[in-house]
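Take any residue in the sequence shown, note its place counting from 1, add 1304, and you have its number in my numbering.
Built from N, CA and C at the ideal position, the CB exists for glycine as well.
Computed from a predicted structure; not experimentally measured.
Presented below is the structure to which this report refers.
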Amino acid sequence: MSLNRDIKTEMLLAWYDRNGRTLPWRSDPTPYHVWLSEIMLQQTRVEAVKEYYRRFTEALPDVRALAQAPEEQYMKLWEGLGYYSRVRNLHKAAVQIMEDHGGQMPPTKKELLALSGIGDYTSSAIASIAFGERTPAIDGNLLRVYARMMKEEENIKTGTAKKKAEAWFLKFMPEDRPGDFNQAVMDLGATVCLPNGAPECGRCPWKEFCRAHADGTELRYPVIPPKKERRKEEKTILVLIDETGRIALRKRPEKGLLAGLWEYPAAEGKKSSKEVLSAVRELLGGAAGNSLPSGFDVLDLEFLPKAKHIFSHIEWHMTGFAVWVRKPAAGEVPLQWVTPQELSETYAVPTALVKYTEWIRDRFKITE
């Protein structure tokens, strides 16, 4: 390394040693802990992840436990974090590790990339932090720091820009502390070189080397294309409750949005109270406009709070109804009926429906 590179590296690591964030997964950075934390942190704020990480590691403390866990357990532990394909891939990868690697996380980026759900960033983070491989972990924080340091005019989301950032950071990454270097830049981006609002350049160990800071153009970088407008969808959520207090759930398809999760039945569009009965008929297997299936009867309706949930590409605008029904003691019904306690303890319901889950908990006085 040149003298200039040594200075940058030493200044960054000295800053990190004094100012690095105290995070639960950093206290014991085993490969499993690093892997789990990095997957949880995708698309999710650090503060939101901490409690999920604690609960998950208490219930499933290692790769073997995760590989052997039933689907309902790991899905329930993930409930509320969103992007549920992450935990499905965690489980698949844990099985791969047990079957193909003797229960030991493979130590190189190349091998890690072969595991389900592990891409370029996550493989680099695990390889550098847990195994000491010298490979930059290029996430949004590193890209933002690079873009401001170098006044990168290219769209930072492109593959070309990411390769340039990787090559730039690799020049300064030390042989002895590659994981700390990656985490130092992550912390720099998360706490100083901020994504929203003005960066706090006065606290930056690299400010004297930053091209954007030199001419006061920090807010121009990184260059990011405008986001596409989200599609809006109207839904009517139906919380069906039978005479014994059981709640109706149905499982979403195994592919697509919220794949494989349990949900309250819903009808497309914003339904009035008069239209709800027809929607219930369809859900229970009858045709719209016909009578309810034999043995069923709608006893009462109650308006529930409206709700809104924003996904990356769509918005759900929801109207809700509690629908009390009498159902036959036997017979084929295309729904899963569960007690409120079972709903709380066993079934993973999307955060998008949290307002209706909270209503059920309040109504039936269910505590965590």
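Worksheet entry | Close Cβ partners of lysine 1354 (< 8 Å) along its chain, the five nearest in sequence each way excluded | Here the question's residue 1354 lines up with position 50 in the sequence shown. Answer for lysine 1354: Leu1327, Pro1328, listed in chain order.
Fill in: DSSP state of valine 1629 mapped onto helix, strand, coil
In the sequence shown, counting from the first residue as 1, residue 1629 sits at position 325. DSSP places valine 1629 in strand when its eight states are reduced to three.
Worksheet entry | Length of the line joining the Cα atoms of alanine 1418 and serine 1341 | Mapped onto the sequence shown, residue 1418 falls at position 114. Mapped onto the sequence shown, residue 1341 falls at position 37. So the two alpha carbons sit approximately 19 Å from each other.
Worksheet item: From the DSSP output, which residues share a beta bridge with histidine 1613?
Response: Start at 1 with the first residue of the sequence shown, and residue 1613 comes out as number 309. Answer is Trp1620, bridged to histidine 1613.
Worksheet item: Going straight from the alpha carbon of valine 1449 to that of threonine 1412, what length do you get?
Response: Residue numbering aside, residue 1449 sits at position 145 when the sequence shown is read from its first letter. Residue numbering aside, residue 1412 sits at position 108 when the sequence shown is read from its first letter. As the crow flies, the alpha-carbon of valine 1449 is around 26 Å from that of threonine 1412.
Worksheet item: Given that a residue counts as buried once 16 or more other Cβ atoms are within 10 Å of its Cβ, and exposed if not, what is asparagine 1486?
Response: As a working mapping, residue 1486 is identified with position 182 in the sequence shown. Buried, by the Cβ-count rule.
Worksheet entry | Candidates Lys1578, Trp1339, Arg1556, Lys1396: closest to alanine 1570 by CA position | Position 266 of the sequence shown, counted from the start, is the residue given in the question as residue 1570. Looking at the Cα atoms, Arg1556 is the closest of the given residues.
Item to complete: Assign isoleucine 1618 to one of two classes, buried (16 or more other C-beta atoms within 10 Å of its C-beta) or exposed (fewer than that).
Response: Residue numbering aside, residue 1618 sits at position 314 when the sequence shown is read from its first letter. Under this definition isoleucine 1618 is an exposed residue.
Item to complete: Look up phenylalanine 1607 in the DSSP assignment and give the residues it is bridged to.
Response: The count along the sequence shown starts at 1 and reaches residue 1607 at position 303. Paired residue(s): Phe1625.
Item to complete: Go ahead and pull the three-state DSSP assignment for glutamine 1347.
Response: Taking the sequence shown and counting its residues from 1, one reaches residue 1347 at position 43. In this structure, glutamine 1347 counts as coil in the three-state DSSP scheme.
Practice prompt. Report buried or exposed for glycine 1406, applying the criterion of at least 16 other Cβ atoms within 10 angstroms of its Cβ.
Written response: On the sequence shown, position 102 is the one that residue 1406 refers to. Exposed: under 16 other Cβ atoms inside 10 Å.
Worksheet entry | Contact under 7 Å by Cβ, asparagine 1393 with serine 1420 | Your numbering for residue 1393 matches position 89 in the sequence shown. Your numbering for residue 1420 matches position 116 in the sequence shown. Yes, they are a contact pair.
Worksheet item: Going by DSSP, what residues sit across from aspartate 1601 in a beta bridge?
Response: Working through the sequence shown from its first residue, we reach residue 1601 at position 297. Bridge pairing for aspartate 1601: Arg1630 [DSSP].
Item to complete: Measuring alpha carbon to alpha carbon, tell me which of Thr1671, Glu1649, Leu1316, Arg1665 ends up nearest leucine 1376.
Response: Taking the first residue of the sequence shown as position 1, residue 1376 is located at position 72. At residue 1376 the sequence reads glutamate, which differs from the leucine that was named. Answer by Cα proximity: Glu1649.
Worksheet item: Got a sec? Which residues, its chain only, sit under 7 Å from proline 1469 by beta carbon, not counting five neighbours each side?
Response: On the sequence shown, residue 1469 is found 165 positions in, with the first residue counted as 1. According to the sequence displayed, residue 1469 carries alanine and not proline. Excluding positions up to five away in sequence, the list reads Ile1442, Leu1446, Leu1447, Tyr1450.
Discussion item. Can you look up asparagine 1594 in the DSSP assignment and give me helix, strand or coil?
Written reply: For the purposes of this step, residue 1594 is identified with residue 290 of the sequence shown, where counting begins at 1. The pLDDT assigned to asparagine 1594 is 49, lower than 50, so where the model puts this residue is not dependable; a value taken from the coordinates is nonetheless given after this. Coil.
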